[in-house]
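Step one of this worksheet: look at the structure below.
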Amino acid sequence: MSQQKLDQREQIQVRTTVLLSIIQQLMTTRQNRLFEGMPLTLSQFSVLNHFTHQPDKSWTVTALAEVMEMNQPGITKIVTTLLNKGFLNATTDAYDKRKRYLTITKEGQILCNDIFKSLLPDISQTFSEWDDLNLKQFHQHLETLKDWLDDNRIR
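Per the numbering used here, the very first residue in the sequence shown carries number 1001; after that it's consecutive.
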């Protein structure tokens, strides 16, 4: 009986992983379409939005690449675009001129807020049939999953 429950649990875990992959693909496609005509691509927005969680914190390109799980050339290209558009600011290290510390500008914070406002109708529609309790529980489960994945990254 214990083996049967384990098999059922494994089946649920596998199906949950498959569903998360399907959701990830559907959301990526949806978001890419929603970002058509916006001032940033989805990738640029994702990087810039990362800065809004702690607007006073500075990041090096290396640290940003690691936390965003992107390769350094890709992050460098996005950072360069965001710097050129005035959404990020770079300060050179006093001792190592090769190292730059990146922070979000006020304009970058405003743009992120404006983009979320423009996405809000679609976000609201996505969850329109969910009652508050189900939405709150789903949110809590996602936070738990995100925290576990963040704490247990595969290097």
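In this text, a Cβ means the ideal position worked out from N, Cα and C, and glycines have one as well.
Shown here, R1100 sits in a strand according to DSSP, grouped into three states. Here Q1072 is near A1065, since their CB atoms are less than 8 Å apart. In the DSSP assignment, the residues bridged to T1091 are Y1101.
Approximately 6 Å separates the beta-carbon atoms of L1082 and Q1044; this is inside 8 Å, confirming the contact. Residue state for W1148 is assigned as helix, using DSSP reduced to three classes. Looking at the DSSP output, W1059 shares a beta bridge with L1102. Only buried fits W1059, as 16 or more other CB atoms lie within 10 angstroms of its CB. Annotated as distal: L1042 and L1048, with beta-carbon spacing of 8 Å or more.
Separation of V1079 and L1120 (C-alpha to C-alpha, rounded to the nearest whole angstrom) is 26 Å. Of the candidates T1017, E1036, R1033 and T1126, the residue whose Cα lies closest to the Cα of L1145 is T1017. DSSP, read as helix, strand or coil, puts E1036 in coil. M1070 places its beta carbon 8 Å or farther from that of H1050. Taking Q1109 as the centre and dropping the five residues before and after it, the same chain places the C-beta of T1052 and P1055 closer than 7 Å to its C-beta, in chain order.
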